[in-house]
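**Q** Residue numbers (numbering that gives the first Met the number 0), protein chains in the order written: chain U, 0 to 593; chain H, 0 to 266; chain F, 0 to 101; chain D, 0 to 211.
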Amino acid sequence: MHETAAPAVVHGPPTTFLSKHVFSLDHKVIGLQYYTLALVAVVTGMVLSWLMRIHLGWSSAAIPGLQVLSPNGAPGGVMTPEYYLQLMTMHATIMVFFVLTTAPFAAFGNYFLPIQVGAEDMPFPHFNMMSFWTTFTAFLILVAAFFVPDGPPLSGWTAYAPLSAIGKNAGPGEGTGQVLWAAALGVFCIGQLLGSLNFISTVLDMRTKGMTLARLPVTCWAWFITSCMGLTAFAVLMPATILLILDHVAGTSFFIASGLVLNDQLVPHSGGSTLLWQHLFWFFGHPEVYIAIVPGMGIVTHVLVTNMRRPMLSMKAILYSMWALAFLSYMVYGHHMFVSGMNPFSSLVFSFPTLMITIPSTVVVLIWIGSLYGSKLRINTASLFALGFISMFVSGGVSGFFLAQPSIDIMLHATYFVVGHFHMVMGVAAMFGIFSGTYFWFPKMTGHMMNETIGKIHFWLTFVGTYCIFMPFHYLGWAGNVRRYAAFTDDFLKPLIPVHQFITVAAIFTGAVQLLFIYNLIYSRFRGPAAPANPWEGTSLEWAMPSPPPWNNFGGHDPIVYHDADQYGVKTASGADYIMQNSPEQALGTAEGD
Amino acid sequence: MGKLLAVTIIIIAIASAVPFVMHTWEPPADVSTHGGLIDEQMADTMIEAGVSFLAAQILLGLFIWQFSKPRTDSKVKTFPGGAKGLVIAAIVLVGVEVLALGAFGSKAWAAVYFTPPAADAMPVQVQAGQFAFYFRYPGPDGKFGPLHPEMINEGNQNLFGLDPEHDVESRDDVVTAEMAIPVNKEVHLLMHAKDVSHSFYVPALRIHQDFVPGLDLSLHFTATKVGTYEIVCSQLCGLGHYNMRAYLKVLSQQDFDEWMKKEQAAQ
Amino acid sequence: MSAAEQQDGLGKYIGVYIGMLVITGIELLIASRHPSGGVLLASMLILAFLGAILGILYFMHLATENRTAIVAFTLFTVFVLAATTYGWTDSFRILFGAPFAK
Amino acid sequence: MSHSEVALGGQHAGHHVPVMEPSPFAVPAKKLAMWLFIISDIMTFAACLVAYGFLRNSTANWPRPFQSSTIISVLIMTFILMTSALVMAMAVRAARAGDRPAAFRLSMITLVAGLLFTLLHVREWFGMIGQGVTLFKNPWGTGLFGGAYFSVTGMELLHVIAALIALLIISLGYKSGRYTAVDLENIGLFWQFINIVWMFVVPLIYFMNLAG
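1) Please decide whether Phe501 (chain U) counts as near chain F, where near means a Cβ-Cβ distance under 8 Å.
2) Determine, for His1 (chain U), whether the minimum Cβ-Cβ distance to residues of chain H falls below 8 Å.
3) Counting C-beta neighbours from all protein chains within 10 Å, is the total for Ile71 (chain D) 16 or more, i.e. buried, or is it exposed?
4) Could you spell out where the beta strand (DSSP E) holding Pro145 (chain H) opens and where it closes?
5) Output the distance between the C-alpha atoms of Val598 (chain U) and Phe501 (chain U), rounded to the nearest integer angstrom.
6) Kindly say whether Ala564 (chain U), judged by its beta-carbon, lies nearer than 8 Å to any beta-carbon of chain H.
7) Taking the alpha-carbon positions, what's the Ile38 (chain D) to Phe72 (chain F) distance?
8) Short of 8 Å Cβ to Cβ, which residues in the stretch 516–537 of chain U face chain D?
9) Between which two residues does the alpha helix (DSSP H) containing Gly399 (chain U) stretch?
10) Using the beta-carbon of each residue, which ones in chain U are nearer than 8 Å to Pro23 (chain D)?
11) For a test of the three-state rule: what should DSSP assign to His21 (chain H), helix, strand or coil?
12) At a CB-CB cut-off below 9 Å, which residues of chain F make contact with Leu203 (chain D)?
13) In the DSSP assignment, what are the bridge partners of Asp209 (chain H)?
14) Please return the same chain residues whose Cβ sits closer than 8 Å to the Cβ of Ala575 (chain U), not counting the five positions on each side in sequence.
15) Count the CB pairs spanning the stretch 183–196 of chain H and the stretch 224–240 of chain H that are closer than 8 Å, and state whether there are at least three.
16) Please name the residue in U:Ala61, U:Ser59, U:Val98 and U:Trp132 whose C-alpha comes closest to that of Ser23 (chain U).
17) Counting only beta-carbon atoms, is His26 (chain U) nearer than 8 Å to chain H?
18) Could you tell me whether the Cβ of Pro594 (chain U) comes closer than 8 Å to any Cβ of chain H?
19) If you drop the 5 nearest sequence neighbours on each side, which residues of the same chain put their C-beta closer than 6 Å to that of Phe111 (chain U)?
20) Taking Ala234 (chain U) and Asp98 (chain D) to be in contact with their CB atoms under 8 Å, please state how far apart those CB atoms are, rounded to whole angstroms.
21) Are any of the Cβ atoms in chain U nearer than 8 Å to that of Pro212 (chain H)?
22) Quick one: what's Arg135 (chain H) bridged to in DSSP?
23) Just checking: is the beta-carbon of Trp34 (chain D) within a distance shorter than 8 Å of some beta-carbon in chain F?
24) With 8 Å set as the bound, which would you pick, yes or no: does the beta-carbon of Trp322 (chain U) sit closer than that to a beta-carbon of chain H?
25) Nearest to Phe107 (chain U) by alpha carbon, out of U:Cys219, U:Asn306 and U:Gly373?
26) With a cut-off of 8 Å on the beta carbons, I'd call Ile169 (chain D) and Ile186 (chain D) a contact; round off their distance for me.
27) Taking Cβ positions only, does Asn342 (chain U) come closer than 8 Å to chain F?
28) Which residue comes first and which comes last in the alpha helix (DSSP H) that contains Arg524 (chain U)?
29) Run through chain U and tell me which residues come within less than 8 Å of Lys93 (chain H), C-beta to C-beta.
30) At a CB distance below 7 Å, what residues from the stretch 479–501 of chain U approach chain H? Give them in sequence order.
31) From the DSSP output, in three-state form, read off Gln678 (chain U) for me.
32) Identify the residues that DSSP records as bridge partners of Leu188 (chain H): which are they?
33) Out of U:His420, U:His473, U:Gly387 and U:Gly419, which has the shortest C-alpha to C-alpha gap to Lys455 (chain U)?
34) Taking 8 Å as the threshold (beta carbon to beta carbon), is Pro271 (chain U) in contact with chain D?
35) Roughly how many angstroms lie between the CA atoms of Phe344 (chain U) and Gly35 (chain H), to the nearest whole one?
36) Between Ile25 (chain F) and chain U, is any beta-carbon pair separated by less than 8 Å?
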């Protein structure tokens, strides 16, 4: 009976404003909600980074208006060192959780995963709706930390105990702010769990006739793999945050060792272990990095294959590499802890799987580059960002050669080299994936084309700008510049301040450029020319429906799939160089030349 | 526009590499006995990373240049060797090379962590607290007195929580705010955290180790050059983190003895 | 209906049930003799996993599920569970309060 | 009925049923989701138990307070929970065979057993609290003991209570025809999972901390 128990779409068309736009069960609306949330979060996070950058370049500069946001943190608009750390914590938390996890995975995944597998919706629309609203609640809880008396926590997004666990004596924001932070993450985990359940069961159980696993577009696999990581990684973070909250509010001491002294007072906790927090946190933390980047890899592959007009040299190699990354992500988390007091033998054990990450990453990059060879590359904003992604991914990836080795980590740990590394490879690269996906799918999501000219200007300024920001980070770290410093007073850091000033200027410039993107989004949403169903001549199922799709996706006519999504560069009777997945047409041969 | 992207990528890649090739920004010169291996490892990795970086970026640029030209013929070509060649290249050229690098690098790591300190190494205890380092020398008896956290009091300068009245070993302990060590003598550094996690990072000495509250770690090293070096905290420890540092003075044996005498007198 | 044919017999259920109870009894027996920490932990874990395997295979019917499902669920879970155990060596270090390179 | 997830296990009136590729696991979406949730929950419990194990390992004098009175009570609780698991398995078996009244009866017995277990569990907790055990201190030694004990067993208890509420709703719905056998099987899966977690809690928390 199980084989034929086909799930049907479970909701009718929305009837009221609330059910259409707010508490919608429609995966597309939920995808857009996630996207909007990510947009709000990314603007917040970016403004925070501006403030931090200004402070790093000119630490005594008054920032107009900042004293209004926090009279204690920025008296007269001049940021205090502790406020710098608080902004830094919030910047990182917002960016990692509410942008890099939310946009490429939850936003695009929700919108396009059911469409690409040919389903009318996900199997659990109510879970899906709850998933968004829990994530949204988590965001509100996190942002609320700005408005409690002590402000947000200053312990960084890794919240290393005992700084994050001993309460408000440890520093500003370490009381209520830290509890709110932990609660926000705990709630976020629930949202991700619900999302992951839906994604996995959509891929396994909701594929339309003919959409065998082998014919799934690469994006579906990327989201599927990400869900598998999300299912287990967030499940470990959640109890960790609960234990952290218990340390705060219930007087337990899971993460607080005995005999600590703060302000000449013995801390009334004993027996816990700071290393325990680090193990639990990074067990989640490393898969989280791939949760941020793997969907981007999928999107970029998808965009590239459409714009290269030829199949990837080997889609299988890309898929296996993504699986390998997911597999390795559980075995390498200790490379964050090489000098943090972990057993030095464990450091070596963690180092080799970490170095092995090079292999799948290089395979993916080489397949991308090798597939460019002999292609008929179309340059548009989406493909520009996808190509930019490759460049960023390489730049961020090679610094991993250094950081994977414990001996070199002695010099580079906790320096700006690390900051440069992860901003390049999981920050900017993932952002480029998001941009690429946005320019690629915007016509489908809204029914309007985006403005290509503004888009290209956006790309050029962003591409050059981000290199100007993040390459110098590596030089700073190489010279030993320690991260998480609110100002540079040490003798050996002072000569580096001009570099920081250069980065600040570049960051403000690049950030301002993003206004172009937001303008483009809003303008094109309302004034953009109407989008055809298949503007990029793609093959996957999202292009087989009107733009934007109706509430039930395929209008009650389920597509039947005959091919994989790689039918580019083929000869057809109609003269087109591609065959859509739902077209029964057979290729007359490949258009391959010498 | 494809050509422009190709040129931009190649220019950015080369420009990014220039400061590394020109040694514009360098870590401070190594003054330790074990640091040579680390420096060597860093240099080797830099060569490998640099070559991979430039090769990938330039190849990417070249292919974009070549294949973004609008073409009228409908032919597409396949990369010679196909996917198999590329996968093998990825595994052999990059993967195995990097793994080999890691294997050699283990030696540098072992030199720091898997070798016991010499029997005559000079013990120094360092205590990290918000937001200062304090150092303790065992004094003539060569023994550290036990710590009593509940007795720590910054007002009366009992920074370590010593109890000289009851503990004989504590009476001759020397507590200082800066660290002095004799040159070319191995130091056995005993690390103790007072409150939260901190880190002991001396770039010039090629040592970097976090303090773990509740777990007293140790390091050992030998400085080879007289001079003053900065000890900085690199583990986020609170609002004064950016300002948490101490100075490490590497002195000749004679200067060190004098310094020690002065410090003992000041206790 | 194919599912009905795959139904486990009641006898099997009762066998599993008795097995679980016996395992708990053996656990108590071993624990009450107070073996050393390592032996105690190992025997408790092995017996608990035995009981869990019984429950998962028969009460949760994993044994009669599709083969792919069994393999996928088991491999994935066991692998991720195994990955959580990296931290143990550090707990011993805290107990002895000493690093390896002392 | 249109705004519900009911149809996942069966037919949906008045709506076309899409033709799907078979699931590679041959498991319907709902049951798959339950399995995935259980895998996720396994990780959550694993994290709690790892935390407990880590702390226990790194503490020299971990208290071993459990006297035979506690152990007897724990054995009774174990017996009740395991019996309830057996009954639940029988309920699922009856539901699969289409015997709706029998399945309902058996699931009600499970519910009663579960309630009994909860009551005994709460009594156990009050007993511990009565002896002066709190989250941060206890009469026997390190304060971590209470924290670990209450968070691991609390996690279990939380799951039991949630499962009982779900079991009540689903069995009643199953009786009235609102829920299908698949739904009952799902909640059954969750109940079995709770039983399995208890099989780890008993040896690791109780038997390893036997007094003597």
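No residue lacks a Cβ here, since even glycine has one placed at the ideal position from N, Cα and C.
**A** Taking the structure as given:
1) The residue given as residue 501 (chain U) occupies position 502 in the first sequence. Judged by the 8 Å Cβ criterion, Phe501 (chain U) is not in contact with chain F.
2) The residue you call residue 1 (chain U) lines up with position 2 of the first sequence. At His1 (chain U), the pLDDT of 37 sits below 50, so the modelled position is not reliable and the matter cannot be decided from this model.
3) One-based indexing of the fourth sequence puts residue 71 (chain D) at position 72. Looking at its Cβ environment, which holds fewer than 16 other Cβ atoms inside 10 Å, Ile71 (chain D) is exposed.
4) Translated into the one-based positions of the second sequence, residue 145 (chain H) becomes position 146. Taken as a continuous stretch (DSSP letters only), Pro145 (chain H) belongs to no beta strand (DSSP E), as it is neither H nor E.
5) Since the displayed chain U opens at 0 and closes at 593, residue 598 (chain U) lies outside it and no answer follows.
6) As a first step, residue 564 (chain U) is located in the first sequence; it is residue number 565 there, counting from the start. False, the Cβ-Cβ gap to chain H never drops below 8 Å.
7) The sequence position of residue 38 (chain D) within the fourth sequence is 39, counting from 1. The sequence position of residue 72 (chain F) within the third sequence is 73, counting from 1. Approximately 8 Å, taken between the alpha carbons.
8) Correct list: empty, as no residue qualifies.
9) The count along the first sequence starts at 1 and reaches residue 399 (chain U) at position 400. Residues Thr380 to Leu402.
10) By one-based count along the fourth sequence, residue 23 (chain D) stands at place 24. Under the 8 Å cutoff, chain U gives Leu203 and Leu212.
11) In the second sequence, residue 21 (chain H) corresponds to position 22, counting from 1. The sequence shown places Met at residue 21 (chain H), not His. Correct three-state label for Met21 (chain H): coil.
12) Mapped onto the fourth sequence, residue 203 (chain D) falls at position 204. Chain F residues near Leu203 (chain D): Leu40, Met43, Leu44 and Ala47.
13) As a position in the second sequence, residue 209 (chain H) is number 210, starting the count at 1. Residue pairing for Asp209 (chain H): DSSP places it in a beta bridge opposite H:Ser198.
14) Here residue 575 (chain U) refers to the residue found at position 576 of the first sequence. Taken in chain order, the residues that qualify are Glu536.
15) The stretch 183–196 of chain H and the stretch 224–240 of chain H touch, with no fewer than 3 CB-CB distances between them shorter than 8 Å.
16) For the purposes of this step, residue 23 (chain U) is identified with residue 24 of the first sequence, where counting begins at 1. Looking at the Cα atoms, U:Trp132 is the closest of the given residues.
17) Here residue 26 (chain U) refers to the residue found at position 27 of the first sequence. Not one chain H Cβ lies under 8 Å of His26 (chain U).
18) As shown, chain U starts at 0 and ends at 593. That puts residue 594 (chain U) outside it, with no answer to give.
19) Taking the first sequence and counting its residues from 1, one reaches residue 111 (chain U) at position 112. Closer than 6 Å at the Cβ level, and outside the excluded window around Phe111 (chain U), lie Glu541.
20) Translated into the one-based positions of the first sequence, residue 234 (chain U) becomes position 235. Translated into the one-based positions of the fourth sequence, residue 98 (chain D) becomes position 99. Distance from Ala234 (chain U) to Asp98 (chain D) at the Cβ level is roughly 36 Å; contact not present, criterion being Cβ atoms closer than 8 Å.
21) For the purposes of this step, residue 212 (chain H) is taken as the residue at position 213 of the second sequence. Yes, Pro212 (chain H) lies at the interface with chain U (some Cβ there is under 8 Å from its Cβ).
22) Counting from one through the second sequence, the residue named residue 135 (chain H) turns up at place 136. H:Gln124 and H:Val174, per the DSSP bridge assignment.
23) Start at 1 with the first residue of the fourth sequence, and residue 34 (chain D) comes out as number 35. Between Trp34 (chain D) and chain F, the shortest Cβ-Cβ separation is below 8 Å.
24) The count along the first sequence starts at 1 and reaches residue 322 (chain U) at position 323. Cβ-Cβ to chain H under 8 Å: no for Trp322 (chain U).
25) As a first step, residue 107 (chain U) is located in the first sequence; it is residue number 108 there, counting from the start. Of all alpha-carbon atoms in U:Cys219, U:Asn306 and U:Gly373, the one lying nearest the alpha-carbon of Phe107 (chain U) is that of U:Cys219.
26) Position 170 of the fourth sequence holds residue 169 (chain D). Position 187 of the fourth sequence holds residue 186 (chain D). So it is a contact: roughly 5 Å between Cβ atoms.
27) For the purposes of this step, residue 342 (chain U) is identified with residue 343 of the first sequence, where counting begins at 1. So, interface residue.
28) The residue given as residue 524 (chain U) occupies position 525 in the first sequence. Bounds of the alpha helix (DSSP H) holding Arg524 (chain U) are Ile496 to Arg526.
29) Here the question's residue 93 (chain H) lines up with position 94 in the second sequence. Here residue 93 (chain H) turns out to be Val, not Lys, going by the sequence shown. Within chain U, the residues near Val93 (chain H) are Thr357, Ile358 and Thr361.
30) Going along the stretch 479–501 of chain U in chain order, one finds Gly479, Val481, Arg483, Tyr484, Ala485, Ala486, Thr488, Asp489, Asp490 and Phe491 with a Cβ nearer than 7 Å to chain H.
31) Nothing about residue 678 (chain U) can be reported from this structure: the residues present for chain U run from 0 to 593 only.
32) By one-based count along the second sequence, residue 188 (chain H) stands at place 189. Leu188 (chain H) is bridged to H:Val123 and H:Leu218.
33) Numbered from its first residue, the first sequence carries residue 455 (chain U) at position 456. When each option's Cα is compared against that of Lys455 (chain U), the closest is U:Gly387.
34) Your numbering for residue 271 (chain U) matches position 272 in the first sequence. For the record, residue 271 (chain U) in the displayed sequence is Gly; it is not Pro. For Gly271 (chain U), the closest Cβ of chain D is nearer than 8 Å.
35) Within the first sequence, the letter at position 345 stands for residue 344 (chain U). Within the second sequence, the letter at position 36 stands for residue 35 (chain H). Going from the Cα of Phe344 (chain U) to the Cα of Gly35 (chain H) covers about 21 Å.
36) As a working mapping, residue 25 (chain F) is identified with position 26 in the third sequence. At a cut-off of 8 Å between beta carbons, Ile25 (chain F) makes no contact with chain U.
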